[in-house]
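**Student:**
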Amino acid sequence: MYKERTLSQKINLFLKGLVMGGANKIPGVSGGMVAFVMGFYEELIYTFQRINVKAFKLLFNGRFKSFSDYTNLQFLVWVMMGSMFSYFSVSLVLDYFLKNYELYVWSWFFGMIIGSIYYISKDFNDWRPRTIIGLLVGTSVGIAISFMTPATENDNLWFVFLCGMIGVSGMTLPGLSGSFILILLGNYVLLLVDSVNVLGNVITNLLSGNFEVFNDEVKVRYLKIIGVFTAGSAFGLVSISHVLGYVLKRWHQIVTAVIIGFITGSLGIVWPWKETIYKTHEGIFLLDQKGNKILENYQRFIPDFQSQETWISIGFILVGIGLILIIDFYGRKRK
């Protein structure tokens, strides 16, 4: 049985969901890592695990109070409200800064991830051969993912559903960025940029009383895509959470070591000094169906330490690390 939360606790959950939702949209950053660092990861996993046959029986039998208590509905609603709200607020701000100050944003994230590795590993003292193997496996998989070559865009609804299932992994697996996985699958722009923008436009039109948007075939197509993607995400969230809930109970220390490894491996994805490489043929950029250049991969390089921009970036890395250390400091004071 979960305790009734105060208003301040509910607002706190909303803000945590806000940060997690924004992180989920950024390639290389994991919403699950945010949940892990902010201390509500295990409750998140076990709450998703409660969405099962018993929960639906309680709901269909009209036992709404029992359904709410059993599924920890308060927690879920406030976190998910924050996460969804961020897609139309925080994530749009982050999109702007990524477009105009990309190096500094990546530097800040890089610092936060370094700080997060310290944060979650400082109290982990169970370093035995099996946990060390788990750490190495997690790190190796994280690094391998960061160097994979992205596919091209595919709007087939079955594939979109699969993208939802796989992409939601960023919310449930700390260190594994769901957004970066969508880049590898070729559907990041389609699902987290174009479809979200169309959904926001449709909602705005509906609120102003304009229902003509449903006559626009392009907008209807994007609504179908984001609807199927959402369904796939919900299915993946519940199914993956059941698996994670099981392994966390049985092999908690090993799973924690793997998570630390995942997050360490993800540093390769968010390395600030990188150049986007697009696919070309005989010197001409290859374009997708919408005229966008097709991403091939990232070329990482060593920064120029004689450049002022490099030192500003290092400053942002230190700010990112400092932010996590401040969270750790105040978290310890509350205890």
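Note that the numbering used here numbers the sequence shown so that position 99 is 194, with each residue one more than the last. For each residue, glycine too, the CB sits at the ideal point set by N, CA and C.
Looking only at DSSP bridge pairs, what is T371 linked to?
**Tutor:** Y393
**Student:** Which same chain residues end up closer than 8 Å to L268 when comparing Cβ atoms and leaving out the 5 residues on each side of it in sequence?
**Tutor:** Sequence-distant Cβ neighbours of L268 in its own chain, meaning closer than 8 Å and more than five residues away, are S125, G127, I335, L339, I354 and F357.
**Student:** Taking just the CA atoms, how far does V293 sit from K314?
**Tutor:** 6 Å
**Student:** Tell me which residue opens and which closes the alpha helix (DSSP H) that D164 is part of.
**Tutor:** F159 to T166
**Student:** Applying the 10 Å Cβ sphere with the 16-neighbour rule, what's the burial state of K217?
**Tutor:** By the beta-carbon neighbour count (other beta carbons within 10 angstroms, threshold 16), K217 is exposed.
**Student:** Determine, using beta carbons only, whether M207 and L418 come nearer to each other than 8 Å.
**Tutor:** Contact: yes.
**Student:** So what's K217 in DSSP terms, helix, strand or just coil?
**Tutor:** In the structure shown, K217 sits in coil (DSSP, three-state: anything other than H, G, I, E or B).
**Student:** Give me, in chain order, the residues of the same chain whose beta-carbon lies closer than 7 Å to that of I212; leave out the 5 immediate sequence neighbours on both sides.
**Tutor:** I355, I358 and T359
**Student:** Could you check what DSSP says for G210 in three-state terms: helix, strand or coil?
**Tutor:** helix
**Student:** Measuring straight from C-alpha to C-alpha, what distance separates E197 and A150?
**Tutor:** Between E197 and A150, the C-alpha separation is close to 44 Å.
**Student:** Keeping to the same chain, check which residues put their C-beta closer than 6 Å to that of F324; ignore five residues upstream and five downstream.
**Tutor:** Within the same chain, V255, G259 and L286 come within 6 Å of F324 by CB-CB distance, once the 5 residues on both sides are set aside.
**Student:** CB-CB under 7 Å to M243, same chain, minus the five flanking residues each way: which ones, in chain order?
**Tutor:** L279
**Student:** Could you tell me which uninterrupted alpha helix (DSSP H) segments, each at least 4 residues in length, are contained entirely in the region 273-330, listed from first to last along the chain?
**Tutor:** 273-279 and 290-302
**Student:** Around the Cβ of A352, are there at least 16 other Cβ atoms within 10 angstroms (buried) or fewer (exposed)?
**Tutor:** buried
**Student:** Can you list, in chain order, the residues of its chain with a C-beta nearer than 6 Å to that of P367? Leave out the 5 residues immediately preceding and following it.
**Tutor:** L198, W201, S202, F205 and S408
**Student:** Among the candidates G134, Y141, A130 and I106, whose CA atom is the shortest distance from the CA of K344?
**Tutor:** Distance check between K344 and each of G134, Y141, A130 and I106 places Y141 closest, using alpha-carbon atoms only.
**Student:** At the level of alpha carbons, what is the spacing between H337 and Q144?
**Tutor:** Distance between the alpha carbons of H337 and Q144: 5 Å.
**Student:** Residues in its own chain within less than 7 Å of G304 by CB, not counting five upstream and five downstream?
**Tutor:** none
**Student:** Considering only the beta carbon of each residue, do F170 and E137 sit closer than 8 Å?
**Tutor:** No, Cβ-Cβ distance for F170 and E137 is not below 8 Å.
**Student:** Could you tell me the distance, in whole angstroms, from the CA atom of K319 to the CA atom of F309?
**Tutor:** 11 Å
**Student:** If you draw a straight line from the alpha carbon of G295 to that of V188, how long is it in whole angstroms?
**Tutor:** 15 Å
**Student:** Ends of the alpha helix (DSSP H) at N119?
**Tutor:** L102 to K120
**Student:** Taking the alpha helix (DSSP H) that R225 belongs to, which residues open and close that run?
**Tutor:** P224 to S241
**Student:** Under the three-state reduction of DSSP, which class applies to V365: helix, strand or coil?
**Tutor:** coil
**Student:** Pick out whichever of G117, L110, S402 and W346 has its Cα sitting closest to the Cα of L193.
**Tutor:** G117
**Student:** Could you tell me the distance, in whole angstroms, from the CA atom of I215 to the CA atom of S264?
**Tutor:** About 19 Å.
**Student:** Between the beta-carbon of Y393 and the beta-carbon of I379, is there less than 8 Å?
**Tutor:** no
**Student:** Measure the alpha-carbon distance for S181 versus L113 and round it to whole angstroms.
**Tutor:** Between S181 and L113, the alpha-carbon positions lie close to 5 Å from each other.
**Student:** Quick test of your reading: I416 and G210, contact by CB under 8 Å. State the CB separation rounded to the nearest angstrom.
**Tutor:** 4 Å
**Student:** Given R395, which residues of its chain have a CB within under 7 Å of its CB, disregarding the five upstream and five downstream residues?
**Tutor:** If you ignore the 5 residues before and after R395, its C-beta comes within less than 7 Å of the C-beta of W366, W368 and K369, all in its own chain and listed in chain order.
**Student:** Check for me: the alpha helix (DSSP H) holding Q401 runs from which residue to which?
**Tutor:** Taken as a continuous stretch (DSSP letters only), Q401 belongs to no alpha helix (DSSP H), as it is neither H nor E.
**Student:** Taking N147 and S274 to be in contact with their CB atoms under 8 Å, please state how far apart those CB atoms are, rounded to whole angstroms.
**Tutor:** No, N147 and S274 are not in contact; Cβ-Cβ is about 28 Å, not under 8 Å.
**Student:** Please return the same chain residues whose Cβ sits closer than 8 Å to the Cβ of I227, not counting the five positions on each side in sequence.
**Tutor:** So the qualifying residues of the chain are A352.
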